[in-house]
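Trainee:
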Amino acid sequence: MKPPFALPRLNRRTVGYALFMAGLVGFYARFVVPPMFELIDRGQFLSKFQVTPAMSRQVVEALAHEMETRYIFADGGSKAAARIRFDLATGKYDPIRETRALTDTLIEDIRGDNDGDRNLSVVFTVNPIEKPAGGGTVVDPRAPWDAQAEGTELDTLGRPTRTDGVGMVRTLEGNVGYLQVNHFNGGADAARHFAAALRELHGTRELVLDLRDNSGGEVASAVVLASFFFPEARHLASVQWRRGPGELETERLITTPPAADTAYFKQPVIVLASRQSVSAAELLAWALQKQGRAKVLGESTRGASHPAVRVRLNEHFGATIPVGRVFDPKTGESWERSGVIPDRYLLAYEALEVVKRELKYKGEIGTVNKP
16 MKPPFALPRL NRRTVGYALF MAGLVGFYAR FVVPPMFELI DRGQFLSKFQ
66 VTPAMSRQVV EALAHEMETR YIFADGGSKA AARIRFDLAT GKYDPIRETR
116 ALTDTLIEDI RGDNDGDRNL SVVFTVNPIE KPAGGGTVVD PRAPWDAQAE
166 GTELDTLGRP TRTDGVGMVR TLEGNVGYLQ VNHFNGGADA ARHFAAALRE
216 LHGTRELVLD LRDNSGGEVA SAVVLASFFF PEARHLASVQ WRRGPGELET
266 ERLITTPPAA DTAYFKQPVI VLASRQSVSA AELLAWALQK QGRAKVLGES
316 TRGASHPAVR VRLNEHFGAT IPVGRVFDPK TGESWERSGV IPDRYLLAYE
366 ALEVVKRELK YKGEIGTVNK P
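Read in order, the letters of the sequence shown are residues 16 to 386 in my numbering.
#1: Is it right to say Y32 is buried, meaning 16 or more other beta carbons lie within 10 angstroms of its own, or is it exposed?
#2: Confirm, please, whether the CB-CB distance from A288 to G307 is below 8 angstroms.
#3: Count the CB pairs spanning the region 83–92 and the region 102–113 that are closer than 8 angstroms, and state whether there are at least three.
#4: Taking 8 angstroms as the threshold (C-beta atoms), are R85 and V338 in contact?
#5: Could you tell me the boundaries of the beta strand (DSSP E) in which W256 lies?
#6: Are L388 and L216 touching if we call contact CB-CB under 8 angstroms?
#7: Helix, strand or coil: how does DSSP classify K310 here?
#8: I need the DSSP call for T178, collapsed to helix, strand or coil.
#9: Look up T265 in the DSSP assignment and say whether it is helix, strand or coil.
#10: In angstroms with no decimal places, state the Cα-to-Cα distance between R185 and V370.
#11: Give a yes or no on contact between the region 260–272 and the region 323–333, applying the rule of three or more CB pairs nearer than 8 angstroms.
#12: Pick helix, strand or coil for T316, following the three-state DSSP scheme.
#13: Using DSSP with H/G/I as helix, E/B as strand and the rest coil, what is I285?
#14: Is the beta carbon of V369 within less than 7 angstroms of some heavy atom of the ligand NAP?
#15: From what residue to what residue does the alpha helix (DSSP H) around G92 run?
#16: Where do the ends of the beta strand (DSSP E) carrying A334 lie?
#17: Quick check on this structure: which residue in E365, G318, R327 has the alpha carbon closest to the alpha carbon of E394?
#18: Taking all protein chains shown into account, decide if N190 is buried (16 or more other Cβ within 10 angstroms of its Cβ) or exposed.
#19: I'd like the span of the alpha helix (DSSP H) that includes D124, first residue to last.
#20: For G201 and G232, what's the separation of their Cα atoms in angstroms?
#21: Got a sec, what are the start and stop residues for the beta strand (DSSP E) R133 sits in?
#22: Considering only DSSP beta bridges, list what T186 is partnered with.
#23: For R220, which of helix, strand or coil comes out of DSSP?
#24: So, are the CB atoms of T152 and E221 less than 8 angstroms apart?
#25: Select from P246, Q304, L251, T270 the residue whose C-alpha is nearest the C-alpha of F280.
#26: Going by DSSP, what residues sit across from V153 in a beta bridge?
#27: For my contact list, D109 and P68 are in at a C-beta cut-off of 8 angstroms; report their separation, rounded to the angstrom.
#28: For Q73 and K375, I'd like the C-alpha separation in whole angstroms.
#29: Rounded to a whole number of angstroms, what is the C-alpha to C-alpha distance between A237 and A295?
#30: Whose C-beta lies closer than 7 angstroms to the C-beta of S353 among residues of the same chain, with five residues either side of it excluded?
#31: Going along the chain, which residues of its own chain have a beta-carbon closer than 6 angstroms to the beta-carbon of R112, five neighbours each way excluded?
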């Protein structure tokens, strides 16, 4: 005789389904719901945040000071500072209440006296910009701007990505190495992270270096990665830095041969680029192309050849100010404004698939566009 309240026997399918659902709920609770609420909070913050005339004055005065003291072209920095101070005194910024309107207006104003320098930028951030621990206004480049600011590296859930810049590392069909680099803010650890990636790809016959979404960063980190492709020291470019009022210093960017188990000297290199490739990413693509070490495929890059620092203007506003200019020591030329011109134009979103297909069926990549 069955007990009146006997529990039904659970089969394996039911148990498996229950465990799956529990795991799915746990995943959403841990990785999906918190970022969603964070985005909602940001949206509410943005909808309530209003720029006041007092805030505009604070931001403009701070920006004018940074342009005067840091911008690589001293005359252009002084002109831009005078312009925005004049506009501030005449009340141009007083009616502005939206953060995007203020940043766009300031960008237009400071670029206007500097040939449309795309390296100059002003951003608004939802999360407060912390004051640098060592004093001053320069923000650590490895601490990304907020999601509302240009140049932030975030994953699909809105969280900051790894700060070494190394994205995907894998071997494609046909023993072709693939290395994705999202930015060059790896600091002193950059060499170690790049070495680990190239050590993993050491036995591949060719390398695809993907810089399509690279937001730039430290010039030194880009030179570190370039070093893995040359058996001897190479003078890639020179940089003129502004160290202070009227003080300019020139630095030579020279590669350092790497360890044998990470070297990628003989294998062909293909660089994928796009309009999103900027600053240090452009330096790497430009240098490898000029040295005859790599072919660049994709789209022309952004055209920003002036290394910059990020500065804090106030709690929620920051700026990117170029403090140097990169150039070819022989010709004085750079990729400023023109961008790095690819050896073969491809739509950025399909460039990798085209390369994979051609390497699979042809064994090599065509680099000249057919008429």
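Note that the Cβ used here is the ideal one computed from N, Cα and C, for glycine as well.
Since this is a predicted model, take the numbers as computed values, not measurements.
Mentor: Let me lay it out:
#1: exposed
#2: no
#3: no
#4: yes
#5: 250–259
#6: Because the chain spans 16 through 386 in this model, residue 388 falls outside it and cannot be assessed.
#7: strand
#8: Low confidence applies here, because T178 scores a pLDDT of 46, under 50, leaving its location unreliable; read the following figure in that light. Three-state DSSP puts T178 in coil, outside helix and strand.
#9: strand
#10: 15 angstroms
#11: no
#12: coil
#13: strand
#14: Looking at this structure, you won't find the ligand NAP or any other ligand, since it has none at all.
#15: 89–104
#16: 332–337
#17: Outside the modelled stretch of the chain, which goes from 16 to 386, sits residue 394, for which no answer is possible.
#18: exposed
#19: 114–127
#20: 9 angstroms
#21: Segment: none, R133 is in no beta strand (DSSP E) and carries neither H nor E.
#22: G192
#23: coil
#24: no
#25: P246
#26: V326
#27: 5 angstroms
#28: 58 angstroms
#29: 6 angstroms
#30: G318
#31: Q65, V66
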